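Participant: Protein chains in written order, with my numbering: chain A, 28 to 509; chain B, 6 to 100. Think of the CB as a built atom: it goes at the ideal place given N, C-alpha and C, for glycine as much as any other residue. All figures in this text were calculated on a predicted structure; none of them were measured in a lab. Take this structure first; my questions come after.
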């Protein structure tokens with residue numbers, strides 16, 4: 028039977044604030060264990076939470092980036108459960124009145140896995156259910172005989188973004204997470220680094236016969252620690268469910284854990300043990316009215332990657348592919364815009380950045396922000412090529428030298444005496460010399476072998492030490508020999 | 006007035022409390038009384054009144070995103086029954 032997978036995601040994203048959600052401890056990754064805690068985030072008796080305004084605004088901003096409705100009024104609730112990483116035995120979260128409702132996001136073509144981009148059919152919109160704000164829990168380290176807990180992360184502001192079950196393949200889930208990450212980075216809402224746990228994702232997946240309207244048995248997957256891990260886990264799990272159904276087994280609603288090393292999922296708990304969180308309104312926190320400050324947040328909405336790509340294509344006349352590569356990295360797109368501002372031909376600058384600069388940076392493992400070549404020098408390089416001062420072949424050498432030394436192209440051209448000869452008199456003289464020295468080839472060309480002109484061009488280039496403008500050489504030779 | 010339904014054993018389980026059969030019976034009766042008492046509120050006509058969890062009509066009480074000092078590590082771990090280097094040591098958690 029032909030099955031279709033139905034996938035929904037719950038994505039947790041840590042907000043980029045200086046301090047935690049309900050206390051003034053720093054919100055930073057990678058400190059000494061338990062060096063960023065206080066009585067509030069350790070859940071000592073009698074302490075009172077004090078909400079971080081910036082975290083609330085960043086959540087509303089995230090909602091605006093993702094086309095959500097921002098609730099005029101929302102509140103916090105207590106979610107009660109016992110777990111070693113949760114110091115208060117309840118988590119402050121939002122239950123029935125989250126900050127953001129509904130919403131949708133378009134999956135960017137560039138955000139699909141590279142090997143799957145050729146198979147994309149149409150543009151997919153993914154609807155969101157809600158975004159709420161809560162506090163993060165501590166981090167557990169599991170040892171052979173015990174568990175150790177670090178509460179530095181406890182109380183960090185954490186958004187939970189919930190999608191509708193609109194995704195159908197592991198590749199779409201990958202594209203959703205990548206696009207979401209990019210949008211959040213553009214909004215400067217989060218660093219959204221999955222390796223640092225700043226973005227974490229749980230997946231709900233079920234399968235049903237293609238064309239069937241009713242949803243199949245929902246399985247939740249946990250421990251997806253990277254975007255590519257989520258793709259692998261889903262691919263495995265969908266296949267597992269298909270095979271189970273093919274064997275005539277009945278699937279049960281459960282939570283399964285992905286083991287990325289072994290490449291398998293295994294059951295953690297079934298629905299019978301599902302939690303009853305006994306949510307109730309947080310008595311220590313007052314409600315939030317978004318109306319008085321929402322306009323200020325609206326002004327922070329930046330140009331999003333999709334819109335930026337369209338603008339790049341129109342404003343700078345660059346190809347879809349180049350525009351996609353550039354906007355998929357905000358810093359790279361910023362770099363390009365700085366270069367394009369000074370380049371007579373922005374498309375040449377885009378090509379240089381996307382092909383040559385990206386290759387060299389990749390080889391040197393450098394981010395664009397540490398590029399040895401300044402954006403204005405990329406523009407300068409395209410300018411000297413455009414004006415014919417150096418040939419595009421010479422430009423490759425100049426580029427390599429720029430990357431190595433960080434010098435500007437004019438300095439390198441002067442140092443190496445590279446400038447291309449475009450002086451008609453000089454080129455004509457070279458051509459005449461070569462014609463005089465090669466009577467046999469000249470006869471050949473005059474008797475109809477047009478291709479032989481290449482040999483003469485080569486000689487002129489050699490004579491000029493590679494500096495002659497090849498287009499002009501070609502023109503002169505053709506004129507003289509026709 | 007109907008007696009509100011509640012199952013003291015289930016509530017005890019959620020709170021990780023062990024109740025003897027005797028206690029369960031006693032607390033069941035007591036908690037039912039408490040609930041019945043609170044339920045008197047249902048006699049009030051609250052039509053047109055917005056639901057709220059608070060008695061004061063205030064909102065947007067926020068803190069600026071500014072740092073305050075954290076506890077020294079040893080103090081933070083001061084109440085930990087067991088510590089493992091600078092971590093709170095707890096019984097092994099099985100995921």
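Would you decide whether residue 157(A) is buried or exposed? Buried here means 16 or more other CB atoms lie within 10 Å of its CB.
Facilitator: buried
Participant: Which residues, in chain order, does the region 12 to 38 of chain B contribute to contact with chain A at a C-beta distance below 7 Å?
Facilitator: So the list reads 19, 21, given in the order they occur along the chain.
Participant: Assign residue 110(A) to one of three DSSP states: helix, strand, or coil.
Facilitator: coil
Participant: Is residue 313(A) close to chain B, meaning its C-beta is less than 7 Å from at least one C-beta of that chain?
Facilitator: yes
Participant: Could you name the residues of the same chain whose beta carbon sits closer than 8 Å to that of residue 235(A), not counting the 5 residues immediately before and after it, in chain order?
Facilitator: 30, 31, 33, 241, 242, 243
Participant: Taking only runs that begin and end inside the region 252 to 334 of chain A, name each unbroken beta strand (DSSP E) of 3 or more residues, in chain order.
Facilitator: Counting only runs of 3 or more, we get 281 to 286, 291 to 297.
Participant: Any beta-carbon of chain A closer than 7 Å to the one on residue 97(B)?
Facilitator: yes
Participant: Who does residue 30(A) pair with in a DSSP beta bridge?
Facilitator: 236(A)
Participant: At a CB distance below 7 Å, what residues from the region 49 to 63 of chain A approach chain B? Give them in sequence order.
Facilitator: 51, 52, 53, 59, 60, 61, 62, 63
Participant: Name the residue from 22(B), 94(B), 98(B) whose alpha carbon lies nearest to the alpha carbon of residue 61(A).
Facilitator: 94(B)
Participant: Give the interface partners of residue 43(B) over in chain A, defined as CB-CB distance under 8 Å, in chain order.
Facilitator: Those within 8 Å of residue 43(B) in chain A number zero; the least Cβ separation is about 14 Å.
Participant: Among 315(A), 495(A), 153(A), 176(A), which residue has its Cα nearest to the Cα of residue 84(A)?
Facilitator: 315(A)
Participant: Any chance you could list the alpha helix (DSSP H) runs of at least 4 consecutive residues sitting entirely within the region 59 to 91 of chain A, in chain order?
Facilitator: none
Participant: Does the beta carbon of residue 217(A) sit closer than 7 Å to a beta carbon anywhere in chain B?
Facilitator: The Cβ of residue 217(A) sits no closer than 7 Å to any Cβ of chain B.
Participant: At a Cβ threshold of 7 Å, is residue 64(B) touching chain A?
Facilitator: Chain A contact via Cβ: present.
Participant: Establish whether the CB of residue 81(B) and some CB of chain A are separated by less than 7 Å.
Facilitator: yes
Participant: Within the same chain, show all residues whose beta-carbon is closer than 7 Å to that of residue 487(A), passing over the 5 residues directly before and after it, in chain order.
Facilitator: If we look at residue 487(A) and ignore the five residues flanking it on each side, its Cβ neighbours are 457, 458, 461, 495, 500.
Participant: Could you check whether residue 176(A) and residue 135(B) sit closer than 7 Å to each other, using their CB atoms as the reference points?
Facilitator: Nothing can be reported for residue 135(B), as the shown portion of chain B is limited to 6 through 100.
Participant: Between the alpha carbons of residue 6(B) and residue 51(B), how many angstroms are there, rounded?
Facilitator: Residue confidence for residue 6(B) is low, a pLDDT of 46 falling below 50, so the modelled location carries little weight and cannot support an answer.
Participant: Could you compute how far the alpha carbon of residue 282(A) sits from the alpha carbon of residue 74(B)?
Facilitator: For residue 282(A) and residue 74(B), the gap between their C-alpha atoms comes out near 39 Å.
Participant: What whole-angstrom Cβ distance do residue 376(A) and residue 363(A) have, given they're in contact under 8 Å?
Facilitator: 7 Å
Participant: How many angstroms separate the CA atom of residue 463(A) from the CA atom of residue 371(A)?
Facilitator: 40 Å
Participant: Return helix, strand or coil for residue 146(A), following the three-state DSSP convention.
Facilitator: Helix at residue 146(A).
Participant: Using only CA atoms, which one of 153(A), 237(A), 247(A), 170(A) lies nearest to residue 228(A)?
Facilitator: 247(A)
Participant: Contact criterion: CB-CB distance below 7 Å. Does residue 75(B) meet it with respect to chain A?
Facilitator: yes
Participant: Could you please give the first and the last residue of the uninterrupted alpha helix (DSSP H) stretch that includes residue 508(A)?
Facilitator: 497 to 508
Participant: Pull the bridge partners of residue 118(A) from the DSSP assignment, please.
Facilitator: For residue 118(A), DSSP records a beta bridge to 106(A).
Participant: What does the alpha-carbon distance come out to for the pair residue 172(A) and residue 164(A)?
Facilitator: If you draw a straight line from the Cα of residue 172(A) to the Cα of residue 164(A), it comes to about 22 Å.
Participant: Taking all protein chains shown into account, decide if residue 309(A) is buried (16 or more other Cβ within 10 angstroms of its Cβ) or exposed.
Facilitator: Residue 309(A) is buried by the Cβ-count criterion.
Participant: Going along the chain, which residues of its own chain have a beta-carbon closer than 6 Å to the beta-carbon of residue 48(A), five neighbours each way excluded?
Facilitator: 79, 82, 162, 182, 184
Participant: Am I right that residue 331(A) and residue 213(A) are in contact with their C-beta atoms under 8 Å? What's the rounded C-beta distance?
Facilitator: 6 Å
Participant: Does the region 144 to 159 of chain A come close enough to the region 119 to 133 of chain A that 3 or more CB-CB pairs lie under 8 Å?
Facilitator: yes
Participant: So does the region 52 to 68 of chain B actually touch the region 327 to 343 of chain A, counting three or more Cβ pairs closer than 8 Å?
Facilitator: no
Participant: With residue 186(A) as the anchor, note down where its beta strand (DSSP E) starts and where it stops.
Facilitator: 184 to 190
Participant: At least one CB of chain A closer than 7 Å to the CB of residue 51(B): is that the case?
Facilitator: no
Participant: Say whether chain B places a C-beta atom closer than 7 Å to the C-beta of residue 175(A).
Facilitator: yes
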